[in-house]
Amino acid sequence: IHTLSTHKHMNFKYFCHFHFVTKMQQHQRRTQHQKKAKSALQAYPNGLQVGGGINETNAQEWLSYGASHVIVTSYVFHHGQIDMERLTNLVNLIGKDKLVLDLSCRRKPNDTNPTKPYYVVTDRWQTYTNVEVNEETLQQLSSYCDEFLVHGVENEGKRCGILEDLVILLGKYSPIPVTYAGGVQGMNDLEMVKTLGDGKVDLTIGSALDCFGGDMSYDEVVAWHKKENSG
């Protein structure tokens, strides 16, 4: 579920309904989940993003079902690098304003030094690319998409706290809207992302929410978001 920063590029209605896509993104490989995804998109047209197996052959189709954006990783990042031909073709097909690039990343094994770079990973986050998540990459790819989605893979699903240095990096260098995901465990993380990201980084919450079996109150998160955007 998206908890939004002080950005005005998304509204509260979008926030309330975004939880559908978190359940749908990873399941498009199966027909039954494709049907559920289509149903969700039809229920809230232009309010949800969809990802999982998106490529040139189906991106326009998912947009026609009502997705506001398609989320892409492996199709663009394959064989360990950015395929600029694929990326350019996709943008020419649907427009950069309909594309979210997933830059989910992790450090190389045994790289515990906090100065070591994060690398984009694909294939269920098991395959490293040669693409570092840094100022250069964010600047370059911002010309081809509307938003970035960045999972801090090492903390994803663990409710162990956010990757603070990654949030700082995204807030400092991303020239377009960016959403961080991974490790949220309490309301204090919302404030921390707001501060560390300089109010420029949105936040995704999943397993920590009470509606997904966690301890965080969905209602409290919604109230926090409304308060932050009331001005």
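Heads up, the sequence shown is in this note's numbering, so the first residue is 200 and it goes up one at a time. No residue lacks a Cβ here, since even glycine has one placed at the ideal position from N, Cα and C.
Buried or exposed by the 16-neighbour rule on C-beta atoms within 10 Å, applied to residue i
i    : result
G412 : exposed
Q225 : Confidence at Q225 is low in this model, with a pLDDT of 41, below 50, so its placement is unreliable and no value can be given for it.
H268 : buried
E419 : exposed
G356 : exposed
E284 : exposed
P376 : buried
E334 : exposed
A239 : buried
H278 : exposed
R358 : buried
D414 : exposed
T403 : buried
A422 : exposed
Chain-order list of residues whose beta-carbon lies under 8 Å from that of residue i (same chain, five-residue window excluded)
i    : result
Y318 : C304, R305, R306, K307, Y327, T328, N329, V330, E331, V332
I293 : A258, Q259, L262, V269
Cutoff 6 Å; reference residue i; Cβ partners in own chain excluding five residues on either side
i    : result
E353 : R305
L337 : Y372, S373
V290 : Y343
L286 : V275, Y343
T272 : D301, T321
P244 : G265
Beta strand (DSSP E) segment containing residue i, residue limits
i    : result
I270 : 268 to 271
D401 : 400 to 403
First and last residue of the uninterrupted alpha helix (DSSP H) at residue i
i    : result
V392 : 386 to 395
V249 : No alpha helix (DSSP H) holds V249; the beta strand (DSSP E) holding it covers 248 to 250.
H424 : 417 to 427
V290 : 283 to 293
S263 : 258 to 263
Near the ligand ATP: residue i beta-carbon under 7 Å from a heavy atom
i    : result
T287 : For the structure depicted, the ligand ATP is absent and the ligand set is empty, with no information on it obtainable.
Cβ distance (whole Å) where residue i is taken to contact residue j below 8 Å
i    : j    : result
G381 : I361 : 7 Å
Q241 : Y264 : 7 Å
L348 : D301 : 5 Å
Contacts around residue i, its chain only, beta-carbon distance under 7 Å, and the 5 residues preceding and following it disregarded
i    : result
V400 : S204, V366, L369, G370, V377, Y379, V392
M223 : Only weak support is given to the placement of M223: the predicted model assigns it a pLDDT of 44, under 50, and the value that follows is read from those uncertain coordinates. For M223, where only same-chain residues beyond five positions count, the Cβ hits under 7 Å are H232, K235, A236, A239, V249.
G416 : The amino acid occupying residue 416 in the given sequence is Ser; Gly does not appear at that position. Contacts found: D409.
Checklist line | Unbroken stretches of the alpha helix (DSSP H), 4 residues or longer, contained in the segment 299 to 376 | finding: 334 to 340, 363 to 372
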